[in-house]
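Novice: One structure, pasted below without further comment.
Number of protein chains: 2
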Amino acid sequence: MTNQLRIVIIEDDEVLRKGYEMLLSNKEDFLIVSTYGSFDLARKQLKADAPQVILLDINMPGTNGLQAIPEIKKSLPNAYVIILTVFDSPETVFEALNMGADGYLTKNSNTEKITEAIKDVCNGGGVMSMNVARIVMQSFQKNLNSPLTKRETEILQRIATGQTKIQIANDLFIDQNTVRSHVKNIYIKLDVNSKADAIKTAKQNRFI
Amino acid sequence: MTNQLRIVIIEDDEVLRKGYEMLLSNKEDFLIVSTYGSFDLARKQLKADAPQVILLDINMPGTNGLQAIPEIKKSLPNAYVIILTVFDSPETVFEALNMGADGYLTKNSNTEKITEAIKDVCNGGGVMSMNVARIVMQSFQKNLNSPLTKRETEILQRIATGQTKIQIANDLFIDQNTVRSHVKNIYIKLDVNSKADAIKTAKQNRFI
DNA sequence: TAAAAACCACCCGTTTAGGGTGATTTTTTG
DNA sequence: CAAAAAATCACCCTAAACGGGTGGTTTTTA
């Protein structure tokens, strides 16, 4: 790309903010348009800054980074938002992704990783650091010690998508009564007595 | 770590197989224990090879890589499985993660990335290349043009977890009739007339 | 060849879903 | 500020689905 990438940094820690600014502005591909100590300070300027990439901290005074994402996406729909934070709890990560973050880096990332991430994001990639990727991958991995059989798991998954027993029976080419039998066994194994509880328990334990 | 990492490569393309072997065996931290042209050939030897990391292709004659993952995890519960493939469709990625893969690299990854990935995985990290991360992140990102209001989205999400309207009403401190009203509006907006269809449509369009 | 899983068939009463039609109050937004 | 959108609530109705109980057979797996 012939033009420099316009970057904005929003980070309340002054040392980190200046640090990132110095390190990234050394790269000739990057132009640090502005830096802010909070999103509340950045809000009115952002549109004029017209950044392509925003490095965003989560823990900030006033509006926090997660709350800021939808607002940013609204006023700058084409800008990429990369979270840069110390938090890497599953809840925080998933909320950030749900809000529409394009990347999630934890602060142990060195300059090399960050510059790489910025370029990757602009090439349409997603970016996450190792510990974040681990969290995300674990969220997909099922519990290998599920008490449910293959068939029971299949049926519970379908229940979780809102299918009725009749629909499930038709889809699996088995009788409604068979589905009922399986459901009863599922309830016994999970020690519940309703769809909602079964789904809840199964999801908590990653059985489905 | 003082000992070398024991690595097995399972890849049907001979050129790639030999290529990876050469490149990785140059690293003094790594010991390529064995390489195989298919999982069926590897199956009986794997336990004796006792690898810490397995690089696994997906498209192979006989048992494919995805099917192989559960089998590997069963016989070598402590081994890390890194998928190394050209496929990066959402379906393939999610199936691999569901099967328990610890990493997912596409074949444009250079040696540097691969060695880094192997080390990261052994440090308990998850590993994925940029295009895979993009796929995973997109799966979390909701459609910003949802026709559903905040409340409607909330209610539909709860329906998708199996909650009844009464339970939802209690949880949200509103009347059952109010929940019904919202549900009716949801059905109209999504042009459906049942829970299952609403959930299906909403998930397809990432409204929930 | 046992045990586990998958399959099927009835009974029963209660709960839930979904369609229709009306309304009021609060919040958002131009 | 005024109009629009969202959220709230009420009552009609029927058919469908749920969940508990108890019994069984066939197939698959270890």
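Heads up: the sequence lines are chains A and B, in that order. The first sequence: position 115 = 127 (the numbering used here), numbered continuously. The second sequence: position 101 = 113 (the numbering used here), numbered continuously. For each residue, glycine too, the CB sits at the ideal point set by N, CA and C. Here the structure is a predicted model, which is why all the values come from computation and not from measurement.
1. In three-state terms, what does DSSP make of Met72 of chain B?
2. Using C-beta distances below 8 Å, list every residue in its chain close to Lys39 of chain A, excluding the 5 sequence neighbours before and after it, in chain order.
3. Any Cβ of chain A within less than 9 Å of the Cβ of Met13 of chain B?
4. Specify, as a first and last residue, the run of the beta strand (DSSP E) that Thr173 of chain A falls within.
5. The beta strand (DSSP E) spanning Phe42 of chain A covers which residue range?
6. When the Cβ atoms of the stretch 126-140 of chain B are set against those of the stretch 62-75 of chain B, are three or more pairs found closer than 8 Å?
7. Using a Cβ-Cβ cut-off of 9 Å, state whether Leu17 of chain B counts as contacting chain A.
8. Any beta carbon of chain A sitting closer than 9 Å to that of Leu212 of chain B?
9. Using Cβ-Cβ distances below 7 Å, what residues of the stretch 131-145 of chain A are close to chain B?
10. Assign Asn205 of chain A to one of two classes, buried (16 or more other C-beta atoms within 10 Å of its C-beta) or exposed (fewer than that).
11. In or out: Ala210 of chain A buried (at least 16 other Cβ within 10 Å) or exposed?
12. Hey, is the stretch 103-119 of chain B in contact with the stretch 144-157 of chain A, meaning 3+ C-beta pairs nearer than 8 Å?
13. Measure from the alpha carbon of Asn135 of chain A to the alpha carbon of each residue in B:Asn135, B:Arg146, B:Ile19, then state which is nearest.
14. Is any beta-carbon of chain A found at less than 9 Å from that of Thr179 of chain B?
15. Is Ala62 of chain A buried or exposed, if buried means 16 or more other CB atoms sit within 10 Å of its CB?
16. By the 10 Å Cβ neighbour count, where 16 or more other Cβ atoms means buried, how is Lys56 of chain B classified, buried or exposed?
17. Which residues, in order along the stretch 89-112 of chain A, keep a beta-carbon less than 8 Å from a beta-carbon of chain B?
18. Can you confirm whether Ser87 of chain B, when its beta carbon is compared against all beta carbons of chain A, has any partner nearer than 9 Å?
19. Compare the C-beta of Ser193 of chain B against all C-beta atoms of chain A and say whether one is closer than 9 Å.
20. What residues of chain B sit near Met34 of chain A, judged by a beta carbon separation below 7 Å?
21. Going by DSSP, what residues sit across from Leu20 of chain A in a beta bridge?
22. For Ile186 of chain B, does the three-state DSSP call read helix, strand or coil?
23. Am I right that Asp41 of chain B and Leu17 of chain B are in contact with their C-beta atoms under 8 Å? What's the rounded C-beta distance?
24. Could you spell out where the beta strand (DSSP E) holding Ile95 of chain B opens and where it closes?
25. Does the beta carbon of Lys39 of chain B sit closer than 9 Å to a beta carbon anywhere in chain A?
26. I need the boundaries of the beta strand (DSSP E) containing Thr161 of chain B, first residue and last residue.
27. Can you check which of these residues, B:Val45, B:Asn15, B:Leu35, B:Pro73, is closest to Glu23 of chain B by C-alpha distance?
28. Going by DSSP in three states, Leu117 of chain A sits in which element: helix, strand or coil?
29. With a threshold of 9 Å between beta carbons, is Met72 of chain B in contact with chain A?
30. For Phe152 of chain A, go through chain B and note every residue whose CB falls closer than 7 Å to its CB, in chain order.
31. The alpha helix (DSSP H) that contains Val204 of chain A, what's its start and end?
32. How many Å lie between Met13 of chain B and Leu35 of chain B at the Cα?
33. Residues bridged to Val105 of chain B by DSSP?
34. Terminal residues of the continuous alpha helix (DSSP H) containing Leu35 of chain B?
35. Please work out which residues of its chain come closer than 7 Å, Cβ to Cβ, to Thr213 of chain A, disregarding the five sequence neighbours upstream and downstream, and give them in chain order.
Specialist: According to the structure shown:
1. The residue labelled residue 72 of chain B in the question sits at position 60 within the second sequence. Three-state result, Met72 of chain B: coil.
2. As a working note, residue 39 of chain A is residue 27 in the first sequence. Once the five neighbours on either side are set aside, the close Cβ partners of Lys39 of chain A are Thr127.
3. In the second sequence, counting from the first residue as 1, residue 13 of chain B sits at position 1. Per-residue confidence for Met13 of chain B stands at a pLDDT of 49, beneath the threshold of 50, marking its modelled position as unreliable; the derived number appears in the next sentence. By this cut-off, Met13 of chain B is not an interface position.
4. The count along the first sequence starts at 1 and reaches residue 173 of chain A at position 161. Looking at the DSSP string, Thr173 of chain A is not in any beta strand (DSSP E), and its letter there is neither H nor E.
5. Mapped onto the first sequence, residue 42 of chain A falls at position 30. 42-48 is the span of the beta strand (DSSP E), which, as asked, contains Phe42 of chain A.
6. yes
7. In the second sequence, the residue the question calls residue 17 of chain B occupies position 5. Leu17 of chain B does not count as touching chain A.
8. The residue labelled residue 212 of chain B in the question sits at position 200 within the second sequence. Here the sequence assigns Lys to residue 212 of chain B, which means Leu is not the residue at that position. Yes, Lys212 of chain B counts as interfacial toward chain A.
9. Asp132, Gly136, Gly137, Gly138, Val139, Met140, Met142, Asn143, Ala145
10. Stepping through the first sequence from its first residue, residue 205 of chain A is reached at position 193. When all chains shown are included, Asn205 of chain A counts as exposed.
11. One-based indexing of the first sequence puts residue 210 of chain A at position 198. The residue is buried, with at least 16 neighbouring Cβ atoms inside 10 Å.
12. yes
13. The residue you call residue 135 of chain A lines up with position 123 of the first sequence. Checking every option, the nearest Cα to that of Asn135 of chain A belongs to B:Arg146.
14. Within the second sequence, the letter at position 167 stands for residue 179 of chain B. One detail in the question is off: residue 179 of chain B reads as Gln in this sequence, not Thr. It does: the Cβ of Gln179 of chain B has a partner Cβ on chain A nearer than 9 Å.
15. Indexing the first sequence from 1 puts residue 62 of chain A at position 50. The residue is exposed, with fewer than 16 neighbouring Cβ atoms inside 10 Å.
16. If you number the second sequence from 1, residue 56 of chain B lands on position 44. Its Cβ having fewer than 16 others within 10 Å, Lys56 of chain B is exposed.
17. Phe106, Leu109, Asn110, Gly112
18. Taking the second sequence and counting its residues from 1, one reaches residue 87 of chain B at position 75. It does not; no Cβ of chain A falls within 9 Å.
19. Taking the second sequence and counting its residues from 1, one reaches residue 193 of chain B at position 181. No, because no Cβ of chain A sits closer than 9 Å to the Cβ of Ser193 of chain B.
20. On the first sequence, position 22 is the one that residue 34 of chain A refers to. Under the 7 Å cutoff, chain B gives no residues; its nearest Cβ is about 26 Å from Met34 of chain A.
21. Numbered from 1 along the first sequence, position 8 holds the residue referred to as residue 20 of chain A. Looking at the sequence itself, residue 20 of chain A is Val, so the reference to Leu does not match. Bridge partners of Val20 of chain A: A:Ser46, A:Ile66.
22. In the second sequence, the residue the question calls residue 186 of chain B occupies position 174. In this structure, Ile186 of chain B counts as coil in the three-state DSSP scheme.
23. Along the second sequence, read from residue 1 onward, the residue named residue 41 of chain B stands at position 29. Along the second sequence, read from residue 1 onward, the residue named residue 17 of chain B stands at position 5. The Cβ separation is near 6 Å, so the contact holds.
24. The residue you call residue 95 of chain B lines up with position 83 of the second sequence. Per DSSP, Ile95 of chain B belongs to the beta strand (DSSP E) from 92-97.
25. To locate residue 39 of chain B, count along the second sequence from 1; it is residue 27. Not one chain A Cβ lies under 9 Å of Lys39 of chain B.
26. On the second sequence, position 149 is the one that residue 161 of chain B refers to. Taken as a continuous stretch (DSSP letters only), Thr161 of chain B belongs to no beta strand (DSSP E), as it is neither H nor E.
27. Sequence index remark: in the second sequence, residue 23 of chain B carries index 11 (1-based). Nearest C-alpha to Glu23 of chain B: B:Pro73.
28. For the purposes of this step, residue 117 of chain A is taken as residue 105 along the first sequence, with counting starting at 1. Leu117 of chain A: strand per DSSP, three-state reduction.
29. By 1-based counting over the second sequence, the position of residue 72 of chain B is 60. No, Met72 of chain B does not count as interfacial toward chain A.
30. By one-based count along the first sequence, residue 152 of chain A stands at place 140. Near Phe152 of chain A (Cβ distances below 7 Å), the residues of chain B are Phe106, Leu109, Asn110.
31. Reading the first sequence from its first residue, position 192 is the one you call residue 204 of chain A. No alpha helix (DSSP H) contains Val204 of chain A, which DSSP labels as neither H nor E.
32. For this step, residue 13 of chain B is matched to residue 1 along the second sequence. For this step, residue 35 of chain B is matched to residue 23 along the second sequence. Because the pLDDT at Met13 of chain B is just 49, under 50, the model does not fix this residue reliably, and the value given afterwards should be weighed accordingly. Met13 of chain B and Leu35 of chain B: Cα-Cα distance of roughly 20 Å.
33. By 1-based counting over the second sequence, the position of residue 105 of chain B is 93. Answer is none; Val105 of chain B lacks a bridge partner.
34. Taking the second sequence and counting its residues from 1, the one referred to as residue 35 of chain B is at position 23. Its alpha helix (DSSP H) spans residues 26-37.
35. Locating residue 213 of chain A in the first sequence gives position 201, where the first residue counts as 1. Answer for Thr213 of chain A: Leu202, Val204, listed in chain order.
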